[in-house]
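Asker: According to the UniProt record's numbering, the sequence shown is numbered sequentially starting from 1.
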Amino acid sequence: MDQYMLQDEAVIDRIRQAEEFLDPSDSHARSYRSDIILMLQKNQRRLTVNLDHVRDHNENLAKLILEEPFDYTLAFNHALKQIIAALQPSQARPDQQAADTVYYCAWAGSFGLNACNPRTISSHHLNRMVSLEGIVTRCSLIRPKIMRSVHWNEKKQKFHFREYQDQTMTNGVTTSSVYPREDDDGNPLLTEYGFCTYRDHQTISIQEMPERAPAGQLPRGVDVILDDDLVDKVKPGDRVQLVGIFRTLGNRNTNHNSALFKAVILANNIVLLSSKSGGGVAQATITDTDIRNINKIAKKKNLLELLSQSLAPSIYGHDHIKKAILLMLLGGMEKNLENGTHLRGDINILMVGDPSTAKSQLLRFVLNTAPLAIATTGRGSSGVGLTAAVTSDKETGERRLEAGAMVMADRGVVCIDEFDKMSDNDRVAIHEVMEQQTVTIAKAGIHTSLNARCSVVAAANPIYGQYDPHKDPHKNIALPDSLLSRFDLLFVVTDDIEDTRDRQVSEHVLRMHRYRQPGTEEGAPVREQASQFLGVSADTQAGTQRPTEVFEKFDAMLHAGVTHTSGRGSNKKPEILSIPFMKKYIQYAKTRIKPVLTQEASDRIAEIYVGLRNDEMEGNQRRTSPLTVRTLETIIRLATAHAKSRLSNRVEERDAAAAEAILRFALFKEVVEESRKKRRRTATVDFASSSEDDDDEDEDGENNAADGAFRGTRSTQSTSRTTRSRGTASGVGAPNGNNNVHDEEADDDEEEVDEATSSAAPRRSGRTTRSADAASESQTSFGSSMPASQLPSQTQEDQDLASGTASLAIDDTPIAAPRLAAFRTALGQLLSTPLFEDDSASLDAVIDAVNQKVGNRSGGAFAREEAVKALKKLEEANHIMFADGELVYKI
1 MDQYMLQDEA VIDRIRQAEE FLDPSDSHAR SYRSDIILML QKNQRRLTVN
51 LDHVRDHNEN LAKLILEEPF DYTLAFNHAL KQIIAALQPS QARPDQQAAD
101 TVYYCAWAGS FGLNACNPRT ISSHHLNRMV SLEGIVTRCS LIRPKIMRSV
151 HWNEKKQKFH FREYQDQTMT NGVTTSSVYP REDDDGNPLL TEYGFCTYRD
201 HQTISIQEMP ERAPAGQLPR GVDVILDDDL VDKVKPGDRV QLVGIFRTLG
251 NRNTNHNSAL FKAVILANNI VLLSSKSGGG VAQATITDTD IRNINKIAKK
301 KNLLELLSQS LAPSIYGHDH IKKAILLMLL GGMEKNLENG THLRGDINIL
351 MVGDPSTAKS QLLRFVLNTA PLAIATTGRG SSGVGLTAAV TSDKETGERR
401 LEAGAMVMAD RGVVCIDEFD KMSDNDRVAI HEVMEQQTVT IAKAGIHTSL
451 NARCSVVAAA NPIYGQYDPH KDPHKNIALP DSLLSRFDLL FVVTDDIEDT
501 RDRQVSEHVL RMHRYRQPGT EEGAPVREQA SQFLGVSADT QAGTQRPTEV
551 FEKFDAMLHA GVTHTSGRGS NKKPEILSIP FMKKYIQYAK TRIKPVLTQE
601 ASDRIAEIYV GLRNDEMEGN QRRTSPLTVR TLETIIRLAT AHAKSRLSNR
651 VEERDAAAAE AILRFALFKE VVEESRKKRR RTATVDFASS SEDDDDEDED
701 GENNAADGAF RGTRSTQSTS RTTRSRGTAS GVGAPNGNNN VHDEEADDDE
751 EEVDEATSSA APRRSGRTTR SADAASESQT SFGSSMPASQ LPSQTQEDQD
801 LASGTASLAI DDTPIAAPRL AAFRTALGQL LSTPLFEDDS ASLDAVIDAV
851 NQKVGNRSGG AFAREEAVKA LKKLEEANHI MFADGELVYK I
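(1) For Gln-241 versus Leu-189, is the C-beta spacing smaller than 8 Å?
(2) Consult DSSP for Ser-449 and reduce its assignment to one of helix, strand or coil.
(3) Drop a sphere of 10 angstroms on the beta-carbon of Tyr-193, count the other beta-carbons inside from all chains shown, and report buried for 16 or more, exposed for fewer.
(4) I need the boundaries of the beta strand (DSSP E) containing Leu-272, first residue and last residue.
(5) Leu-577 and Ser-310 - do their beta-carbons sit closer together than 8 Å?
(6) Within 10 angstroms of the Cβ of Glu-19, are there 16 or more other Cβ atoms? Answer buried if so, exposed if not.
(7) At the level of alpha carbons, what is the spacing between Ile-321 and Leu-260?
(8) From the DSSP output, which residues share a beta bridge with Pro-144?
(9) Determine the direct distance from the alpha carbon of Arg-138 to that of Ala-388, and round the result to whole angstroms.
(10) Is DSSP giving Ser-392 helix, strand or coil here?
(11) Starting from Leu-47, follow the beta strand (DSSP E) in both directions and report where the run begins and ends.
(12) For residue 939, list the residues DSSP reports as bridge partners.
(13) Apply the 10 Å Cβ neighbour rule to Ala-312 and answer buried if 16 or more other Cβ atoms are within range, or exposed otherwise.
(14) Exposed or buried, which one is Ile-12 when buried takes at least 16 other CB atoms within 10 Å?
(15) Write down the C-beta distance between Asp-410 and Cys-454 rounded to the nearest angstrom, noting that I regard them as a contact closer than 8 Å.
(16) Should the segment 65 to 82 be regarded as contacting the segment 90 to 107, the criterion being three or more beta carbon pairs within less than 8 Å?
(17) Under a three-way DSSP split, which group does residue 936 fall into?
(18) Determine the extent of the beta strand (DSSP E) in which Ser-27 is found, giving its start and end residues.
(19) Assuming Leu-820 and Lys-873 are in contact, meaning their beta carbons sit under 8 Å apart, how far apart are those beta carbons, in whole angstroms?
(20) Let's test the definition: count the other Cβ atoms within 10 Å of the Cβ of Phe-195 and tell me whether it reaches 16, buried, or not, exposed.
(21) Between Gln-529 and the rest of its own chain, which residues show a CB-CB distance below 8 Å, the 5 nearest in sequence each way excluded?
(22) Is it buried or exposed for Leu-38, if we count other Cβ within 10 angstroms and need 16 for buried?
(23) Give the DSSP-derived three-state secondary structure of Arg-646 in the structure shown.
(24) What is the residue span of the alpha helix (DSSP H) that Thr-101 lies within?
(25) Would you report the Cα separation of Arg-181 and Asn-451, rounded to the nearest angstrom?
(26) Quick check: the Cα distance between Asn-293 and Lys-301, rounded to an integer number of angstroms?
(27) With DSSP as the reference, label Val-234 as helix, strand or coil.
(28) Let me know the secondary structure DSSP gives Gln-437 once reduced to three states.
(29) Within the segment 272 to 339, note down every full beta strand (DSSP E) run reaching 3 residues or more, in order along the chain.
(30) Pick from Ala-405, Val-390 and Gly-404: whose alpha carbon is nearest that of Glu-398?
(31) Is Asn-336 close to chain B? Criterion is C-beta to C-beta, closer than 8 Å.
(32) Ends of the beta strand (DSSP E) at Glu-133?
(33) Could you spell out where the alpha helix (DSSP H) holding Glu-154 opens and where it closes?
(34) By Cβ distance, which residues of its chain are closer than 6 Å to Glu-208, with the 5 residues on each side in sequence left out?
(35) Among Glu-549, Arg-501 and Ala-589, whose alpha-carbon lies nearest the alpha-carbon of Pro-580?
(36) Pick helix, strand or coil for Tyr-464, following the three-state DSSP scheme.
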């Protein structure tokens, strides 16, 4: 449609230059032909052209594109259409090669001095191609704009057509927008609306990012006009990079004495930035390596602790609240029944407690972790601001709905701070959202229902400022039961005076204040670094295509709060997952995993609910929130979210147990711990501590033995320390030669008991309890500080295990590259055989199968020690997972 009325030599020369760049005759030059074909296959009409490629081709051409964008943008669009018209019929459909199909070239790359923001853009940028970043604050409705009208002359039996140009177009003089009523001879014309051509039109406002605005000044904005395929690309709250032409629209003021003109940007390309707090949903790209790392992390035994501690490692304590926030980010499974009933899957959390207990900081971490999160406060929000408001459109004067915070956070999270400061009338407005997850409006002739499927995380202070433990919880909270029952979890956070904990908190806060960024000198002021991007392209997001680092580098200043909560006395450094990997893990688990309830889990959930109701009837415990049928749905949601965290498609009984532990803590401040039998450590082998280095990803540190010496006084008659078949075999035998090796998974994570003073009460832990039978089977052993070679004899199986694990930990001689290649080739052929039917195989079975494949070639069969080295190398390359020193997992 954008045709040239005058094909002069300058226009022809610009089109020729554009064709030479997009489809050069030189086979060695950069060609966009493959990009054009890909664009057509995706059914798109806008080709992204990088200015850096234009500079490599012709530097003067790139300069003219920035300085004279009207002429050269039209030339590139025309050249692109000619190239598409010359394609083979197999490469383009007939409708794509039609004469009335419009194509555009979208610019990207480095814009140099023309890269600006809404504050720095000024008059010297007029009529130039510019790029800027900002936040979309307002989007108008999409309206059709007339491009060509067709009229029927009934008297002459002829069609008349007329084309229209406005100030937002660059290929002609502005024309009148009035339809012709009659022809030159005065004959009436009848408009044929079916033959008229229209184009979508939308206006948005871009505001500079608040973190880049100078101190004490309000952010500035600029209007942007979107046409055709660019409309509806963004929504309010999105952070975007924008490329367009900065121009004026003329003086619309009736007072002709004014020389002020309205300036807008005619958009050419829009790139969505990755989402931050308050931004739009931006899905991270998950690579194959990321999926392998996610599956590897999901097999850890301390998975829930690792994920929850990685959420806010700089906040001390609050273990149960962090676990609840993690489950809230994962969410349950929503149900839409055939009778129209909607069962929500989002989890709502309320934190009520004393000031200075890190409630608001936990909300900040939710904002930075959730893909879509909107923050608001109780005093700064009204009921219509949270739900929806009826406003008047500036352009047409019509009444329309303006989405509130909860509607904009659909499929996301709403964080409300100072929840208790909200007025009662405004608080009632969110009742429907928190349970039905819809907003119903009946105002100004508008009756509609909007979706608001979001989780609510709120923080509030008690009615007296400080929480009074001598009063009932509902008297401290002072919120109606109708609202409290809509919160799945209500945590009371109190600032208790405890000498040991206060010392640890103070040390942690002091470490935070001593932290300085890497590369800066001590005492030197930290300078603000401008984060302005000079390049605009989807290529700037190429870093997301690379695999994400799984673990955060441990920092004693930032992560000291995790040491006390996860170490439990061991010297092992805690593991902290990086925030980008956490986002990918949550995104993967939330979108890919759809757990279903099993019968065992259903029975356990019913027992939990009945038990909670009975506890309430006894009256000896003060609950924080009412126990209703919504509590039963809460248990289901928490158990489903816990199953998602394990990447399991089945909600099992242990998921219900984990949900009960979090719910009991929220209701009664009751920590669910299960008793286990008492163990006494008698002796350790020197190689045990080193052999655990490869397995400490799945350990909590409780099995780290001493350095071969005793701590305190040991009883000569004590329970022998026996472990599962893995690299922590103790090597201590019973006098009668019977040495039991337990196969229970709980043994790996069992805690050491310091026997300096004997205690009759067993240590309580949240893990599974060993049975009394296992305790009775263990034999009496004698404490000894002799070396491993002088200990009583072991069974042949234990000796083989000890020798295998010792070689795994001690012998560091690398495996030869040809042998590793032969092992990898043989193992790769076995991954699709019945050997790995259950996605795992034992170490001995893998070695036997590999040796059968290798035969006498490539140096012969593999010994156990050499095979272990090869498996370790393959695990480092993320080809397989070698867990526990005895199982090989296919990933």
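Ideal Cβ positions, reconstructed from N, Cα and C, are used throughout, including at glycine.
Answerer: Quick look at the numbers:
(1) no
(2) strand
(3) exposed
(4) 263 to 272
(5) yes
(6) buried
(7) 56 Å
(8) Asp-200
(9) 15 Å
(10) strand
(11) 46 to 50
(12) A question about residue 939 goes unanswered here, because the residues of the chain that appear run from 1 up to 891.
(13) buried
(14) exposed
(15) 6 Å
(16) yes
(17) Since the first residue shown for the chain is 1 and the last is 891, residue 936 is missing from the structure and cannot be characterised.
(18) First-last for Ser-27: undefined, no H or E at that position.
(19) 6 Å
(20) exposed
(21) At Gln-529, the pLDDT of 41 sits below 50, so the modelled position is not reliable and the matter cannot be decided from this model.
(22) exposed
(23) coil
(24) Per DSSP, Thr-101 belongs to no alpha helix (DSSP H) and is neither H nor E.
(25) 45 Å
(26) 15 Å
(27) coil
(28) coil
(29) none
(30) Val-390
(31) You won't find chain B in this structure, because it holds only one protein chain.
(32) 128 to 139
(33) No alpha helix (DSSP H) holds Glu-154; DSSP gives it neither H nor E.
(34) Asn-117, Pro-118, Arg-119, Gly-134, Pro-219 and Arg-220
(35) Glu-549
(36) coil
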